[in-house]
Amino acid sequence: MSAIAPERAGVTTQAIEESQPVRLAPNYWPFVVPALVVVGAVIVFPWAFTLWMSVNRWTLGQSRSFAGMENYLRLASDPRFWESLWHTLTYTFLSVVAPMFFGTVAALIFDARFPLRGLLRGLFVMPMMATPVAVALVWTMMFHPQLGVLNYLLSLVSIPAQEWIFNANTVIPSLVAVETWQWTPLVMLIVLGGLASVPREPFESAEIDGANAWQQFRYLTLPMIAPFLMIAVIIRTIDALKSFDIIYAMTQGGPGTASETINIYLYNTAFSYYDMGYGSAMAVVFFIVIVALSFILLMLRQRSQWVDAEGK
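Quick note: the sequence shown uses the numbering used here, first residue 33, plus one each step.
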């Protein structure tokens, strides 16, 4: 009996193990594959195809041939490309600085308590809700040298009429004014969020020590809202770099090429002149410029982070 008991015990244990359900390792691929397909179709394939086109001579309606680095060398000696790059950087810089200044001032004003503050805030953010093409059409009529309301207002204070977007010297500042009008409310909302998170105790101590309003803003408010300001700078830089609709709807890059940014030049090259190879090389170089600017902004973003007492 003693010899049979261990054997029965082993059989019983084996039967129990066989009766238990087998747990398989979780398989996450059915959930990952759709996302990979979407990323590949929307991001990876277009960029791979653009890189492939950039090393080919390809004008729509004609045969394609391998060009190697010819399109990139052509960019290096193309004065129109360098001019469009300068216009892009100028337009981006002004379209970031102006909304940042006016948005911060507006945030400081609306952070104070006064009657009808909520209503005025709502009215202030309304330009941000309009579509860029509609904004461009309205401002084009306002910029008209003879029929525009802006020159009429200038005439009331005896200022000569301006040509605005119809003059090569004023076209980019005029476009920046439209961009500033539409996107200053976004900066205001971001900075208002930062002001809402600022503690009040340091300001009370500063008032006791005799600090005036400018000193409180310079040494307390500005450092505390610096991370929010950097977020606004990053958002505005990305938006200004890819700006196309307002510029194209208002000037098409004119007069001449005075407001032609890389986006406009790229569009004209690829879809007006049908030079897909050269336009693709331009897109690749522009992407490198965007990556470089993004890297610089991310470095500045890291430096604007709050630090604790130990400097961590």
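Quick reminder that beta carbons are idealized off the backbone N, C-alpha and C, glycines included.
N- and C-terminal bounds of the alpha helix (DSSP H) containing residue i
i: H119; result: P111 to D143
i: M101; result: Careful: M101 lies outside any alpha helix (DSSP H) and carries neither H nor E.
i: I294; result: I294 to Y299
i: E211; result: V203 to A228
i: N199; result: That residue, N199, is in no alpha helix (DSSP H); it is neither H nor E in DSSP.
i: V65; result: W61 to V71
i: N183; result: V181 to L188
i: R149; result: R149 to F156
i: D271; result: L254 to L273
i: P234; result: E233 to I240
i: P164; result: P164 to M174
i: I278; result: D277 to M282
i: Q247; result: A245 to Q248
Opposing strand residues paired with residue i [DSSP bridges]
i: S32; result: Since the first and last residues shown for the chain are 33 and 344, residue 32 lies out of range.
i: D307; result: T91
Residue i to residue j span [Cα, whole Å]
i: P78; j: N295; result: 17 Å
i: L325; j: F146; result: 40 Å
i: G288; j: R96; result: 31 Å
i: P234; j: L254; result: 13 Å
i: I24; j: L207; result: Only positions 33 to 344 of the chain appear in the structure, and residue 24 is not among them; the question remains open.
i: Q247; j: A272; result: 32 Å
i: V181; j: M174; result: 5 Å
i: D241; j: V157; result: 37 Å
i: V323; j: L330; result: 10 Å
i: W114; j: A99; result: 22 Å
i: T212; j: P131; result: 5 Å
i: N59; j: P259; result: 40 Å
i: L227; j: L185; result: 36 Å
i: S116; j: T91; result: 22 Å
i: W171; j: F63; result: 47 Å
i: L121; j: S237; result: 43 Å
i: Y123; j: W196; result: 15 Å
i: F142; j: V70; result: 42 Å
i: F198; j: K274; result: 23 Å
i: V189; j: F133; result: 26 Å
i: G343; j: F303; result: Reliability of the predicted coordinates at G343 is poor, the pLDDT of 44 falling under 50, and the value obtained from them is presented with this limitation in mind. The straight-line gap from Cα to Cα measures roughly 53 Å.
i: N183; j: G225; result: 37 Å
i: A245; j: L252; result: 10 Å
i: L221; j: H119; result: 28 Å
i: F319; j: V65; result: 27 Å
i: T202; j: A67; result: 46 Å
i: I270; j: F125; result: 11 Å
i: R250; j: V137; result: 13 Å
i: A243; j: S229; result: 21 Å
i: M101; j: R149; result: 58 Å
Residue i and residue j closer than 8 Å at C-beta
i: Y306; j: G93; result: yes
i: V210; j: A139; result: no
i: L105; j: M314; result: no
i: V321; j: L83; result: no
i: R333; j: I257; result: no
i: R153; j: W215; result: no
i: A168; j: A281; result: yes
i: G286; j: N103; result: no
i: A200; j: P177; result: no
i: S291; j: T283; result: yes
i: M160; j: P217; result: yes
i: G135; j: A264; result: yes
Beta carbon proximity, residue i to chain D, threshold 8 Å
i: A193; result: Of the protein chains in this structure there is only one, and it is not chain D.
Exposure label - residue i; buried when at least 16 CB within 10 Å
i: I5; result: Residue 5 lies beyond the range of the chain shown here (33 to 344); nothing can be said about it.
i: R112; result: exposed
i: S187; result: exposed
i: V165; result: exposed
i: I191; result: exposed
i: G311; result: buried
i: V128; result: buried
i: E239; result: exposed
i: V219; result: buried
i: Y297; result: buried
i: L151; result: exposed
i: S109; result: exposed
i: S86; result: buried
i: L261; result: buried
Check: residue i C-beta below 7 Å from any heavy atom of the ligand FMN
i: P62; result: Among the components of this structure there are no ligands whatsoever, and the ligand FMN is therefore not found.
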